[in-house]
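Asker: Numbering (full-length UniProt numbering), first residue to last: 1 to 213.
Got a structure here, written out as structure tokens. Questions coming.
In structure tokens, the structure reads:
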């Protein structure tokens, strides 16, 4: 048995639970770089806000758990929003308010909020209609390369097949491992380069990918 197979033996997969939220919000703030531009408290608030937004758009969740701790998450949707969409939208409000009450919070929220506008424009410019979306896919840095991402992604594809979803889209950028999606056969159908504080020495690229069954 190779090392990756041995590591995977210690990982279980299940739907997301509310008790996972703080750990996953912290994982998001690490991965998205919120902690590079703000205090830990503001970064955590951003992580919770982003997680709740993704939860509002999802109809499917799968968490990778290792020794009782979430180390990976994939969220996505089929053709319609989940029944808990309004609940998660309302749950965003306290985190939005907490960010708006501080200068740092307003600054960081404004910077990362601009990224959402870029994504929206990429989708609009594609002119395409999609059955589904991969809304969030994140793996803890020290667990990458062990096959967890492959399993999470494969589980999501199996769900989409069960829902008769023919295609879906996702957003990513050069701060993420976008090569993973190309390796999985997704097609890049849109991109935009922008100067951002995240990569001040070079332009950051934003991508729109499409998967067709």
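Cβ coordinates follow ideal geometry from the N, Cα and C atoms, glycine included.
Computed from a predicted structure; not experimentally measured.
Between the C-alpha atoms of residue 179 and residue 205, what's the straight-line distance to the nearest angstrom?
Answerer: Distance between the alpha carbons of residue 179 and residue 205: 13 Å.
Asker: Are the C-beta of residue 104 and some C-beta of chain C separated by less than 7 Å?
Answerer: Included in the structure is just one protein chain, with no chain C present.
Asker: Name, in chain order, the residues that DSSP records as bridge partners for residue 205.
Answerer: BP columns for residue 205 point to 193.
Asker: Grouping DSSP H, G and I as helix and E and B as strand, with all else coil, what is residue 77?
Answerer: Strand at residue 77.
Asker: Given a cut-off of 7 Å, decide if residue 76 and residue 163 are closer than it, judged by their beta-carbon atoms.
Answerer: No; because the gap between Cβ atoms is not below 7 Å, this pair is not in contact.
Asker: DSSP beta-bridge partners for residue 212?
Answerer: The partner list for residue 212 (beta bridge, DSSP) reads 167.
Asker: Identify the residues that DSSP records as bridge partners of residue 62: which are they?
Answerer: Beta-bridge pairing links residue 62 to 74.
Asker: With a threshold of 16 other CB atoms inside 10 Å of the CB of residue 70, please say whether the residue is buried or exposed.
Answerer: Burial call: buried.
Asker: Would you check if there are 3 or more beta carbon pairs closer than 8 Å linking the region 45–58 to the region 84–99?
Answerer: Verdict: yes, contact present.
Asker: What's the gap between the Cα of residue 155 and the Cα of residue 118?
Answerer: Distance between the alpha carbons of residue 155 and residue 118 is about 29 Å.
Asker: Run through the DSSP bridge pairs and tell me what residue 187 is partnered with.
Answerer: 210, per the DSSP bridge assignment.
Asker: Taking the alpha-carbon of residue 16 as reference, which of 35, 108 and 137 has the nearest alpha-carbon?
Answerer: Minimum Cα distance to residue 16 is reached at 137.
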